[in-house]
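The structure under discussion appears below in the form of C-alpha cells.
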Amino acid sequence: DRRTVELAEREMAAAIKAIQTAELEAVKEEDAAKRLAVLEGLQAAVNAREAALDEILALTHERESACAAREIQLDAGEGTVKRMTVDMEKRDAAMGAHAAAVAARDRAGEAR
Numbered sequence: 003d004r005r006t007v008e009l010a011e012r013e014m015a016a017a018i019k020a021i022q023t024a025e026l027e028a029v030k031e032e033d034a035a036k037r038l039a040v041l042e043g044l045q046a047a048v049n050a051r052e053a054a055l056d057e058i059l060a061l062t063h064e065r066e067s068a069c070a071a072r073e074i075q076l077d078a079g080e081g082t083v084k085r086m087t088v089d090m091e092k093r094d095a096a097m098g099a100h101a102a103a104v105a106a107r108d109r110a111g112e113a114r
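Just so you know, we're using the working numbering here: the sequence shown kicks off at 3 and counts up by one.
Quick look at the structure:
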C-alpha cells in the first residue's frame, strides 16, 4: 500500500537524518577534543616558558646580589688602600723629618 511505503520512506528519511546528526555531533566532539588537545599543548608551552623566565629572574637576582657583595668588597679594599697610602705618607714625612734632624745635628756638630 502506498501509505505504508510513504511511512516507510519517512521513517527511513528520519533515520538517515538521525544518523547524519549523530555523525555531525561526533565530528564536532572530535574537533572539540582536537582543539582542547592543542590548547593544552599551548598551555604546557606557556607554563614551561614561565618556569624558564622564573629561573632567569632568580639567576638575575643571584647575580645582582653577587655584584653588590663584590662592590662592597671593592669599596672596602679601596678604603684599605687609602689608609695604607696615608700611613705611608706619614712615615715618609716622619723619615724626612728625622733625616732633616740628623742632618741638622751633623751640621751643628761640624760647626763646633
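Ideal placement from N, C-alpha and C gives every residue a C-beta, glycine not left out.
Whole-angstrom distance between residue j and residue i, CA atom to CA atom
{"i": "L9", "j": "A20", "result": "16 Å"}
{"i": "E64", "j": "A70", "result": "10 Å"}
{"i": "T87", "j": "A105", "result": "27 Å"}
{"i": "L59", "j": "K84", "result": "37 Å"}
{"i": "V40", "j": "R51", "result": "17 Å"}
{"i": "A110", "j": "A99", "result": "16 Å"}
{"i": "A102", "j": "R72", "result": "44 Å"}
Residue i, enclosing alpha helix (DSSP H) - first and last residue
{"i": "D77", "result": "4-113"}
Any non-hydrogen atom of the ligand FAD closer than 7 Å to residue i Cβ
{"i": "E27", "result": "This structure lacks the ligand FAD; in fact it carries no ligand of any kind."}
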